[in-house]
Each structure stands twice: as structure tokens, then as C-alpha cells.
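J.:
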Amino acid sequence: MELVLNQELEYVPEPIEVLRFKNRGLLNSNYKSLVKQNFSRSKSKSIFGIRQRLKSTQFNTINHTAVILKISVFAILFVALF
40 MELVLNQELE
50 YVPEPIEVLR
60 FKNRGLLNSN
70 YKSLVKQNFS
80 RSKSKSIFGI
90 RQRLKSTQFN
100 TINHTAVILK
110 ISVFAILFVA
120 LF
């Protein structure tokens with residue numbers, strides 16, 4: 040049994056893949072501004088608006104006790120290591 044090629048195939052080189060990465064982060068500035076704008080436009084009468092406003096005030100306030108505790112633990116570990 041013999042294999043015969045009747046057609047010559049021309050060599051086509053594989054294209055060189057050029058990778059271009061842009062470190063724009065997960066949230067680019069256009070998306071951030073759009074989200075802030077939509078958040079400010081949300082009606083506080085809706086349940087979603089009320090919940091979001093409550094959450095935003097909770098996240099914006101700083102628990103000073105937790106901050107002092109974290110800094111003191113860091114300082115103790117830093118002194119213990121050196």
C-alpha cells in the first residue's frame with residue numbers, strides 16, 4: 040500500500056501573536072463615574088435606595104477602636120520581629 044500526494048501544499052507561516060496588556064484595573068474611571076452617577080440618582084424611596092444609603096454610611100464611618108487595635112498589633116509584631 041502506497042500513499043501518493045497529487046498536490047503540493049504551500050507553507051503558510053503561523054502568525055506571530057502580539058500580546059498587549061493594559062493595566063487599567065478592574066474598575067476604570069469611566070465605569071466608576073457612571074456607577075457614582077447612577078448611585079446618586081437612585082431614589083431613596085425605593086427599598087434598594089434605602090439599603091444602599093444605609094450601607095454607604097456604614098462603610099464610610101471609621102471604627103476608631105478597630106483602627107487602634109490593628110495599629111497596636113502591627114507595632115507589637117514589628118517590635119517582636121526586630
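Each residue of the sequence shown is one higher than the one before, counting from 40 in this note's numbering. Idealized CB from N, CA, C, for every residue including glycine.
1) Assuming Phe78 and Gln91 make a contact with CB atoms under 8 Å, what is their CB distance in whole Å?
2) So what does DSSP say about Ser85, is it helix, strand or coil?
3) Only counting the same chain, and skipping five residues up and downstream in sequence, which positions put a Cβ closer than 7 Å to that of Leu30?
4) Classify Leu93 as helix, strand or coil using the three-state DSSP reduction.
T.: On the basis of the data shown:
1) 7 Å
2) coil
3) Outside the displayed span of the chain (40 to 121) sits residue 30, for which this structure offers no information.
4) helix
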